[in-house]
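Chains as they are written, first to last, in my numbering: chain A, 275 to 496; chain B, 275 to 496; chain C, 300 to 562; chain D, 300 to 562.
Here you go:
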């Protein structure tokens with residue numbers, strides 16, 4: 275049996291792993307949910323710079339929780355760090371779509387073997403809308419997916435082919451779940467790291483997405 | 275014989291006539307040459323506001339002739355008037371092409387009966403380039419042409435059909451020369467005003483462009 | 300003699316009508332230099348059934364709350380809205396916020412938006428077919444509005460290619476790369492929100508309240524800005540102006556709405 | 300034993316190369332937070348034969364004169380230039396100005412520009428076929444550059460429709476209206492000019508020196524800004540920033556060129 279984790283533990287592990295994988299100095303856009311935990315787990319000496327799609331360049335922690343004049347895309351108060359700036363949405367999406375962002379980290383409903391992502395609607399159930407995600411995956415230099423490995427009902431969120439309407443296709447570079455790290459290498463999904471104590475064969479059998487196993491498969495530190 | 279005018283006299287007459295024709299409060303873009311004389315001839319109590327395609331909104335006279343930090347499109351020092359602003363070229367041309375300018379006044383090499391204008395190249399002779407003129411005629415709500423009636427060699431600049439490469443087609447609303455004012459009314463060029471002492475038949479015969487004569491043909495005050 | 304007088308009379312009447320036409324065109328052409336300061340009710344009063352209205356804002360920020368409140372109280376139905384999102388109306392924020400007030404009040408017949416994840420009522424009305432909602436990727440939405448304001452005919456974007464969003468949209472392949480052809484968006488009226496205006500309508504914004512506001516200011520026949528404060532001409536440096544006053548028809552001072560106060 | 304050592308040695312070398320590749324990609328990805336201040340010669344040194352260079356400016360205003368002077372002195376040939384105009388070189392201003400220095404010095408093999416009415420030499424070289432010049436309407440040119448920087452595939456414009464400019468360009472008719480389909484423009488390097496920078500590369504502009512500069516800053520792999528002054532972080536209000544520092548690779552302080560001094 276795969277080791278079971280509490281929701282909080284699983285989410286923090288994913289965030290921590292991605293934090294450890296990011297380049298120092300990267301300009302990063304974070305989606306709602308697990309990605310928002312990443313700043314808490316940045317390793318000592320590694321700095322990332324946050325852009326918010328609603329127009330903050332170099333977002334930082336809130337100063338006054340009542341002040342909504344500077345917020346993130348989710349509506350939470352934030353601040354702009356020294357050296358930052360505010361831009362209008364046309365410029366913000368020029369930045370996102372134009373390849374000026376190094377990394378984006380997004381959540382997923384489904385992600386598949388072709389690097390396609392679905393995260394904006396479950397038809398007839400819930401349609402939050404795509405917001406900025408479609409533009410972001412079309413333009414960011416590197417797209418990380420931060421997601422639980424399985425649905426609540428046990429089904430795999432890592433599929434051979436997404437069944438939900440897509441956000442983008444061929445766009446995913448790295449997938450991090452509570453069990454493993456998968457990298458898109460020349461269009462192939464390669465399992466590069468696995469958590470200590472997770473049985474490789476069991477994980478493979480329960481993951482619908484066909485993964486290649488890296489010849490240098492490593493233990494995922496977390 | 276049509277009364278002959280000195281260059282300066284002709285140019286000032288054209289500028290003065292257009293100045294008298296402009297609506298109070300209009301936002302105006304002026305081309306190089308005769309159009310630049312217009313601000314000197316605005317009637318008492320009628321204000322126009324000038325936009326320059328290189329990014330000034332509400333341009334005014336220069337303060338320091340040595341200061342090139344605020345210039346017009348021709349490179350001459352100007353100032354920004356109180357209530358004005360500076361914009362980048364993408365915004366400036368959004369303003370021009372997007373119909374946010376009330377009036378533009380441009381010079382012409384040729385203008386024709388279909389409201390087409392040629393003013394950016396004489397192939398193999400001189401090719402200054404179109405600059406902003408093609409965008410401006412595509413977008414301004416009203417296009418005035420300020421031009422001498424004839425070439426130096428006596429040929430008509432008002433043609434049945436332009437022979438030079440066009441700047442835009444079907445875009446000209448009003449033509450003012452030193453002899454007359456012609457208005458584009460539903461696609462027909464109508465002679466509305468003629469200078470006192472100019473023989474109508476002679477002007478018609480020397481003007482290649484076929485003009486309708488307004489039933490209310492008036493004397494052009496100048 | 301009577302005939303002649305009649306003809307002259309007729310001429311004068313025609314002339315008068317003609318002058319009125321010229322005048323009304325001219326009124327539409329030139330925006331006033333000094334912007335009238337109007338009440339939120341006067342602003343809302345320009346919206347009739349069937350009017351297309353752009354509303355600035357992104358989540359809580361940069362929303363013309365005071366004008367939206369007046370539009371809510373006015374009760375006009377069948378409004379067509381263009382905005383980034385459907386604002387808040389959900390278990391965590393049960394009292395509808397901003398445009399959500401109009402949606403919950405059933406004043407909105409159609410919307411072009413990008414996100415409604417925080418508005419449970421909008422999602423339910425959408426799934427029941429009670430409201431016509433066109434979802435656009437956010438970058439596509441802002442670019443469509445910019446295109447509408449800048450006199451362009453459309454643009455090509457990689458956003459949404461090879462997804463369900465691509466269906467029913469024209470695609471163009473150039474040099475082996477596929478793009479979606481997107482069309483411009485304009486509105487009859489834009490209600491935007493800014494921080495400060497000068498008397499000539501030049502606007503500056505604060506923080507993330509900028510968002511769609513400067514772009515919407517370019518793409519509607521009538522543009523009204525709700526602002527915190529109106530300062531004398533000269534107080535805003537012409538180099539710092541974000542929205543030039545030439546785009547603005549009138550100004551409204553923000554009122555006491557709790558969200559207006561916090562933004 | 301020797302074999303094993305060889306294999307390990309080989310592995311280490313491979314690893315080292317691999318690390319260099321990763322590093323060079325990373326260098327390209329992330330721009331430094333604090334921008335290096337380099338000399339005009341170092342900036343010009345990035346231009347090789349065949350490099351495509353965007354040069355900011357419109358007539359006299361907003362031109363990176365100091366970097367252009369260094370590029371002139373460096374003498375690199377076969378430069379491909381994208382700029383608004385060909386600057387001045389005419390009977391009234393016989394000494395070439397700005398980019399005209401490079402043109403007259405025969406360093407420029409091709410240009411995409413909008414206007415060369417004030418450069419008699421460029422016009423003559425053009426008519427003799429000595430230089431490859433593509434003329435674009437100015438609004439089209441700036442929009443092509445913006446499109447290149449914003450990750451779009453093109454745009455539709457009414458500008459130039461039914462003129463000779465339309466020839467050899469794709470047109471698209473939508474709802475009975477014809478548009479020209481224009482494609483994005485990008486460059487290897489953009490040399491722009493701004494008024495002040497802070498140490499993080501945030502830029503503000505002065506007067507009509509803004510023009511194409513903020514747009515070119517988005518559309519080149521390397522962007523270097525010539526500025527009057529570099530101020531500490533915090534001195535430029537984040538609400539007033541026109542070009543965010545994330546677009547900028549390095550800064551150059553303007554030198555003593557007579558036009559640099561007047562702009």
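Where a beta carbon is used, it is the ideal one built from N, C-alpha and C, also for glycine.
For residue 354 of chain B, the C-beta contacts it makes with chain C under 7 Å involve 537, in order along the chain. In its chain, beyond the 5 residues on either side, 354, 367, 380, 382, 385 and 386 have a beta carbon closer than 7 Å to the beta carbon of residue 398 of chain D.
Residue contact with chain D for residue 455 of chain C: present (Cβ-Cβ distance below 7 Å to some residue of chain D). The C-beta separation of residue 556 of chain D from residue 365 of chain D comes to about 6 Å, placing the pair in contact by the 8 Å criterion.
Within the stretch 427-444 of chain D, the residues whose Cβ lies closer than 9 Å to any Cβ of chain B are, in chain order, 432, 434, 435, 436, 437, 438, 439, 440, 441, 442 and 444.
Contacts between residue 543 of chain D and chain A, judged by CB atoms closer than 7 Å, involve 331, 359 and 361 in chain order. In this structure the stretch 307-325 of chain B touches the stretch 369-387 of chain B; the number of beta carbon pairs closer than 8 Å is three or more.
When DSSP states are grouped into helix, strand and coil, residue 365 of chain D belongs to the helix group. Shown here, residue 311 of chain A sits in a helix according to DSSP, grouped into three states. Around residue 469 of chain A, the same chain offers 453 and 494 as residues with beta carbons nearer than 6 Å, after the five sequence neighbours per side are excluded.
The Cβ neighbour count for residue 275 of chain A, taken over all protein chains shown within 10 Å, is under 16; the residue is labelled exposed. Residue 533 of chain D places its beta carbon less than 7 Å from that of residue 356 of chain A.
Rounded to the nearest whole angstrom, the C-alpha separation of residue 435 of chain A and residue 443 of chain A is 10 Å. Put simply, the backbone Cα of residue 401 of chain C is about 26 Å away from that of residue 528 of chain C. Taking 8 Å as the upper bound on Cβ-Cβ separation, chain D lies near residues 439, 440, 441, 442, 443 and 444 of the stretch 415-449 of chain B. Sequence-distant partners of residue 439 of chain B (beyond 5 residues in either direction) whose C-beta falls short of 8 Å from its own C-beta, in its chain, are 392, 394, 395 and 397. Rounded to the nearest whole angstrom, the C-alpha separation of residue 436 of chain D and residue 554 of chain D is 32 Å. Taking a Cβ-Cβ cut-off of 8 Å, residue 376 of chain D has no neighbours in chain C, whose nearest Cβ is about 29 Å from it. Against chain C, a Cβ distance below 9 Å from residue 371 of chain B picks out 449, 450 and 451.
Counting the other Cβ atoms within 10 Å of the Cβ of residue 489 of chain A gives fewer than 16, which makes it exposed.
Note that the C-beta distance between residue 431 of chain A and residue 484 of chain A is not below 7 Å. Looking from the CA of residue 336 of chain D, the closest CA among D:505, D:520, D:562 and D:496 belongs to D:496. Contiguous beta strand (DSSP E) elements confined to the stretch 462-507 of chain C occur at 470-473, 476-481 and 486-497, taking only those with 3 or more residues.
Per DSSP, residue 417 of chain C lies in no alpha helix (DSSP H) segment and is marked neither H nor E. For residue 398 of chain D, the three-state secondary structure derived from DSSP is helix. Going by beta carbons, residue 448 of chain D and residue 518 of chain D fall inside the 7 Å limit. For residue 367 of chain B, the uninterrupted alpha helix (DSSP H) segment begins and ends at 363-371.
Rounded to whole angstroms, residue 281 of chain B and residue 290 of chain B show a C-alpha spacing of 14 Å.
Distance from the Cα of residue 485 of chain D is smallest, within the candidate group D:515, D:348, D:472 and D:478, for D:515.
According to DSSP, residue 435 of chain C shares a beta bridge with no other residue. Under a 10 Å Cβ-count criterion, residue 488 of chain D is classified as buried, with 16 or more other Cβ atoms of the shown protein chains found around its own Cβ. A Cβ of chain C is located within less than 7 Å of the beta carbon of residue 478 of chain D. A straight line joining the alpha-carbon of residue 407 of chain B with that of residue 341 of chain A spans about 47 Å.
In the structure shown, residue 466 of chain A adopts extended strand secondary structure according to DSSP, grouped into three states. Residue 434 of chain D and residue 404 of chain B have their C-alpha atoms some 8 Å from each other. Nearest CB-CB separation between residue 305 of chain A and chain C: not below the 7 Å threshold.
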